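Each number in this note's numbering corresponds to the 1-based position in the sequence shown with 17 added.
Note sheet for the following structure.
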Amino acid sequence: MERQPTPENQCWAHALRQTAAYYQQQDPIRAGILEQRYRRHQTEQQVLDTLHIGRTTYQKANADLLSTLAVYAAKQGVL
């Protein structure tokens, strides 16, 4: 199934780009999770191994980045 370039999808894409840009500047662990887990679709264990982090660090960082994404999405009006 191909995604349609709806205004809502475009807003989500913009929020995702903002989140990625923010973490590229501020936090390499969270940027790495975003890249490895959500763009490259690696498993949680693969992300842990690639970034050399523990599960607790992963879980906290992942929750933080999803919260940041939610803030940017809300600013775009999609939440």
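For glycine and all other residues, C-beta sits at the position ideal for the given N, C-alpha and C.
Nothing here was measured: the structure is a model prediction, and the numbers come from that model.
Own chain residues within Cβ distance below 7 Å of residue i, not counting five before or after
i, result
"Q62", "none"
Bounding residues of the alpha helix (DSSP H) (the contiguous stretch that carries residue i)
i, result
"G94", "It is not in any alpha helix (DSSP H) - G94 carries neither H nor E in the DSSP assignment."
"Y40", "24–43"
Under 8 Å between C-beta atoms of residue i and residue j
i, j, result
"A48", "Q59", "no"
"A30", "Y89", "no"
"T74", "T36", "no"
"A78", "I46", "yes"
Three-state class that DSSP yields for residue i in the structure shown
i, result
"I70", "coil"
"Q21", "coil"
"R54", "helix"
"Q59", "coil"
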